[in-house]
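Respectively, the protein sequence lines represent chains A and B.
The opening residue of the first sequence carries number 1 in my numbering; numbering runs sequentially from there.
The opening residue of the second sequence carries number 337 in my numbering; numbering runs sequentially from there.
Protein chains: 2
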Amino acid sequence: MTTQSRATLADVAMLAGVSSKTVSRVFAGAGNVSADTRERVLKAAKRLRFRPNNLARNLRRGGVTNTVAFVIGDLKNPFYFHVAAGIERELALRGLTMVLATTDDSPDSEERVVDALISQRVRALLLIPIADDQSYLEGERQLGTPVVSVDRPARNLVADSVVLQNRQGMAEAVRSLTAIGHRRIGFISNPSAMYTQRERLAGYREALREVGVHETAAWERLDDDPDISPELAVQSLLALPEPPTAIVAGNNRGSAGAVRVLRNLEPPVAFIGFDDFELADALDISVVAYDPMELGRTAARLALEHLEDPDSFTKQVEIPTRLIHRGSGEIPPPAR
Amino acid sequence: MTTQSRATLADVAMLAGVSSKTVSRVFAGAGNVSADTRERVLKAAKRLRFRPNNLARNLRRGGVTNTVAFVIGDLKNPFYFHVAAGIERELALRGLTMVLATTDDSPDSEERVVDALISQRVRALLLIPIADDQSYLEGERQLGTPVVSVDRPARNLVADSVVLQNRQGMAEAVRSLTAIGHRRIGFISNPSAMYTQRERLAGYREALREVGVHETAAWERLDDDPDISPELAVQSLLALPEPPTAIVAGNNRGSAGAVRVLRNLEPPVAFIGFDDFELADALDISVVAYDPMELGRTAARLALEHLEDPDSFTKQVEIPTRLIHRGSGEIPPPAR
DNA sequence: ACAACTTGGGACAGCGTTGACATTTTTGTT
DNA sequence: AACAAAAATGTCAACGCTGTCCCAAGTTGT
C-alpha cells in the first residue's frame, strides 16, 4: 500500500459530482465556474491530494514545457554558478524553471546532452558551447527554440550570444601596468585554446604593442592541459633570465595559482587576474571583474525575447568588464 | 514559415513506410526490428529531424519523468553549488537530470515551489528545508516520491536526510584551540537560528565546558540579520575589555569577514572557520572542512535507493568533517 | 411573450507515445 | 515440404489533460 495511485481530474470530478472539464476549468483558472462549484471542486481536490499533471497538460497544449535548459561544461567552476543563478533568477520572474545539464567539458557529449534536453521539449536552450560546431542545433532553432550561446559564441549557428568584453578588459589591465612602467609582462592561460582565452591573449598583445613591445612569446604561458597547475606556469616565468616584473592571468584558476606563488616574493611582482574571486580584496589582488549573474540574466532575457517575438533578429551582447585596483596591480617595476 | 511543426512518430512512420509502433520500437531501443527496417526508420527520422517527445512518453509510461528536483534557498552561496554539482554528477550516472529551483530563502515560497515541481512530476525531491514545517510533503512521500532533506533535517516529515557532523566538527576545532591554551574563544554565527548553526554552537559550548569554561555568552555573537556583516561581529569581540584570543566562525561567510579583520592584527588572534574556501590555503586559514560534493552525491544516492526499493527504511546520514591545520588555528594565546 | 444574450457546465476528441495483444513473415527442423 | 517456433511488424486503446462545440437555464429588452 505504498503506492496508492495519484488522483486525476476524473477522480476529483467524480467526488465533486461534476465533469472533469469543470475541474480542469477550476485549475486552469479560466472559464466560467460558479463560486459554489469551484469550492466543491477544490474541496474534493484537497481531499484526494490532487495535483494537476503538467506532463499531460503540456502535451495537450502542444508539447511545450516551462523549463529552460542551461548546458555547462563543468559545474565546479564558481563562475558558472553565478551565471546559473542569474539565469534562474530571471526565469523565475516569468514562471519558468531552469534545468541544469553538464557535458563534463567533453565536446562529444554536448550533442548527446542537448538532444536529451530537446526530447524533454525545453522551451529554450542556453549553452556554453564546448564542441567545435553547433550546427546540429540549426534545425531546432528553425523549429522556434531560442538558442543562446553564453560566454563564447556558437560556431556555425546563427544564435544569440552573450560574451564578456574579454579583449578590452585584458587590454585595459595590461595598459594599467604599462602605464606605471612595466614592459616585461607575463601572461598565463590554461586552457588557452578556448575562445575567451584567445580573446584575452589578443588584448594582452594589443596593449603591449601599443607601447612598442612586439615580441611577447617568451612571456606567454599557454597550456591546454588542466593537469598543468598554474603555479608551474608562474614559476617558469619567474625562472627566466629576465623574469617579468608583472604577470596577468587569463582566468580565476590562473589567479589562484599566481596568488599562491607570488605572495611574499621579493621584489614583489605586480599581478592582475581576470575574473574576480572571493577574498581577492583581503589579498589585495587587482582583477578585471564583471558581473557573472548579469551574464546569466542577459542570456535568459535574450531567450525570453526570442520566445515573445520569434522573428526578432539575433543579438550579440557584450557584458562590460572593469578593472578593480586593489594593490597587486599597482606595484611598480623595481627601479634599476 | 518560422514554425514548421515538429515531426512525430507517425510522420516518420509514413515516410519510412512502416507503422508508428515500429518507429517507436526503434527509438525505445527495445523490441525486435530488423536491421533493414531500423535503418530506413533512422534515415526517415533524420530527414524529418525527428526527436522523440518525452512528454508523451512519460505520460504514457505512467507519469514519471527522469528529472529530480533540488530545491535550495539561494543559488549564490558557493556551498550549494558544490552540493548541486555532486547531485548532478550522481544523477547523470543513472540518466536522470536535475532541475534546480530556488525559494529565495523565503519559507513561504517553499511550499509553492515544491508544489510546482510535483506538478512537473519530478521523480524525487531533494531539498534544503527552509520552512518550519515540511508536513505538507507527507502525502507526496506516501505516493512514492522519495524526499531527501539536505544539510538540515526536515521537520514533521519522515524523510531521508544528509547532514554534516556539525557538532563534532566544531567541537574538534575548539578542542584544538583549548589544547594549546586558549580559553577565551569567540564564536560568530549569522544566521544563528539555523539548524547547522545551532549544532555548531552546541559543539563550541561543549568543547569549552570540557575545559571548565561554562560562561560563554559574552563571546558569542549570534545574529540573524544577513545585513549585519561578520566584520562587525568580529570587531565587537575584539573591543571587549578581555578580548578573545581565538575566534571560530560558524560558516564561510563568517570566515570571510573574520579574515578581513584579523589579518595583520598584533598580537595575532587564532582563527578557525567552518566550511573550507578557495585560497584558504594561501591565507593560512585553518578550517573545519568537508566534501560538499559528497553531501550532494549522498543525497542523490539516498533518493535513488528509495526509488529502487520504495519500502526501504528512511536513513539519516552524516557527512564527516575534518579539521585542516593551516596556521591560523595553531596560533597560541599570547603569553601573559 | 419571444428573441437575443449571457452564464455555467458537459461530451468528445486528440496531443505523441507505448503496452497489450494480434497478425504476418521468416527461420529452423525433420 | 510441412509445420512449429521465433522474429518482425501492426492495431488499438489509453496515459491525463484541455480546445472545440454544444446545450440548458437564466437574464434582459422590447
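Every residue, glycine too, gets a C-beta built ideally from N, C-alpha and C.
Only a predicted model underlies this, so the values are computations on that prediction, with no experimental measurement involved.
Range covered by the beta strand (DSSP E) that runs through residue i
| i | result |
| --- | --- |
| Leu-323 (chain A) | 322 to 324 |
| Glu-556 (chain B) | 556 to 558 |
| Val-114 (chain A) | Run containing Val-114 (chain A): none in the beta strand (DSSP E); it sits in the alpha helix (DSSP H), 107 to 119. |
| Val-624 (chain B) | 622 to 625 |
| Ser-161 (chain A) | 160 to 164 |
| Ala-606 (chain B) | 606 to 610 |
| Val-148 (chain A) | 147 to 150 |
| Ile-423 (chain B) | Unbroken run through Ile-423 (chain B) is the alpha helix (DSSP H), 414 to 429; no beta strand (DSSP E). |
| Leu-640 (chain B) | Not the beta strand (DSSP E): Leu-640 (chain B) falls in the alpha helix (DSSP H), residues 628 to 644. |
| Leu-100 (chain A) | 97 to 102 |
Residue span of the alpha helix (DSSP H) that contains residue i, given as start and end
| i | result |
| --- | --- |
| Gln-652 (chain B) | Here Gln-652 (chain B) belongs to no alpha helix (DSSP H); instead the beta strand (DSSP E) covers 652 to 655. |
| Gly-475 (chain B) | 474 to 478 |
| Met-350 (chain B) | 345 to 352 |
| Val-23 (chain A) | 20 to 28 |
| Gly-203 (chain A) | 195 to 210 |
Integer-rounded CB distance, given that residue j should sit under 8 Å from residue i
| i | j | result |
| --- | --- | --- |
| Val-449 (chain B) | Leu-461 (chain B) | With 8 Å as the limit, Val-449 (chain B) and Leu-461 (chain B) do not qualify as a contact, their Cβ atoms being about 10 Å apart. |
| Glu-278 (chain A) | Glu-614 (chain B) | 6 Å |
| Ile-324 (chain A) | Val-248 (chain A) | With 8 Å as the limit, Ile-324 (chain A) and Val-248 (chain A) do not qualify as a contact, their Cβ atoms being about 14 Å apart. |
| Arg-123 (chain A) | Thr-65 (chain A) | 6 Å |
| Val-234 (chain A) | Ile-188 (chain A) | 6 Å |
| Asn-252 (chain A) | Asp-281 (chain A) | Not quite, the Cβ-Cβ distance comes to about 14 Å (not below 8 Å), so this is no contact. |
| Ala-92 (chain A) | Pro-107 (chain A) | Not confirmed; about 31 Å, so no contact. |
| Leu-75 (chain A) | Ala-420 (chain B) | 7 Å |
| Leu-513 (chain B) | Gly-665 (chain B) | 7 Å |
| Thr-439 (chain B) | Val-407 (chain B) | 6 Å |
| Val-147 (chain A) | Val-317 (chain A) | With 8 Å as the limit, Val-147 (chain A) and Val-317 (chain A) do not qualify as a contact, their Cβ atoms being about 14 Å apart. |
| Ile-298 (chain B) | Asn-526 (chain B) | The structure shown does not extend to residue 298 (chain B), since chain B is modelled only from 337 through 672, so no value can be given for it. |
| Gly-86 (chain A) | Arg-322 (chain A) | 17 Å between Cβ atoms; not a contact. |
| Gly-257 (chain A) | Pro-230 (chain A) | 3 Å |
| Arg-519 (chain B) | Val-549 (chain B) | 6 Å |
| Leu-479 (chain B) | Arg-6 (chain A) | 6 Å |
| Ala-206 (chain A) | Ala-246 (chain A) | Position check: residue 206 (chain A) holds Glu in this sequence, whereas Ala was assumed. That belief does not hold up - the Cβ atoms of Glu-206 (chain A) and Ala-246 (chain A) are roughly 16 Å apart, past 8 Å. |
Beta-bridge partners of residue i, as assigned by DSSP
| i | result |
| --- | --- |
| Leu-463 (chain B) | B:Val-407, B:Ser-485 |
| Ser-525 (chain B) | B:Leu-558 |
(message) Taking contact to mean 3 or more Cβ pairs, one atom from each stretch, closer than 8 Å, check whether the segment 549 to 564 of chain B and the segment 617 to 624 of chain B are in contact.
(response) no
(request) Go through the segment 35 to 73 of chain A residue by residue and report every complete run of the beta strand (DSSP E) that reaches 3 residues or more, in order. (result) 67 to 72
(message) Ignoring anything shorter than 4 residues, give me the alpha helix (DSSP H) runs that lie fully in the segment 218 to 264 of chain A, in order along the chain.
(response) 230 to 238, 252 to 262
(request) Specify whether the segment 37 to 53 of chain A and the segment 62 to 76 of chain A touch according to this definition: at least 3 beta carbon pairs, one from each stretch, less than 8 Å apart. (result) no
(message) Can you confirm whether the segment 132 to 147 of chain A touches the segment 492 to 500 of chain B when touching is taken to mean that 3 or more C-beta pairs between the two stretches lie within less than 8 Å?
(response) no
(message) Quick check: the segment 302 to 316 of chain A against the segment 343 to 354 of chain B, are at least 3 beta-carbon pairs closer than 8 Å?
(response) no
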